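For reference, the structure is listed below as structure tokens.
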Amino acid sequence: MSELRDRISIVNARINAEIDLPSHVAFDVAVDGETIGSSLEWLDEDHGLVRKDCHLNVNPDVLETVSDRLQA
Numbered sequence: 086m087s088e089l090r091d092r093i094s095i096v097n098a099r100i101n102a103e104i105d106l107p108s109h110v111a112f113d114v115a116v117d118g119e120t121i122g123s124s125l126e127w128l129d130e131d132h133g134l135v136r137k138d139c140h141l142n143v144n145p146d147v148l149e150t151v152s153d154r155l156q157a
């Protein structure tokens, strides 16, 4: 079986600064080259990641889909 780093990737990353949301980087998650979900992470004023509020930790749909695809 391929190593995880060869199977999982972050794609289509983009920085958004929408009026109704704080600055954030949005991205898609791909498994074996197929996009399976999207998420975002907040950015601070210096455009660094805000590590105390991780969306992937509170967005179980993306993580469950990744897990399902890896086991298939």
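The numbering of the sequence shown is my numbering, which starts it at 86 and goes up by one. Glycine residues also receive a C-beta, built at the ideal position from the N, C-alpha and C atoms. Since the structure is predicted, the reported quantities are computational estimates derived from the model, not experimental observations.
{"Check": "Option in Glu88, Glu149 and Ile93 with minimal Cα separation from Glu119", "Outcome": "Ile93"}
{"Check": "Status (buried if at least 16 other CB within 10 Å, exposed otherwise) for Val96", "Outcome": "exposed"}
{"Check": "Selection from Leu141, Asp131 and Leu125 that minimises the alpha carbon distance to Leu106", "Outcome": "Leu125"}
{"Check": "Range covered by the alpha helix (DSSP H) that runs through Leu128", "Outcome": "Where Leu128 is concerned, there is no enclosing alpha helix (DSSP H), given that its DSSP letter is neither H nor E."}
{"Check": "9 Å Cβ cutoff met for Leu89 and His109", "Outcome": "no"}
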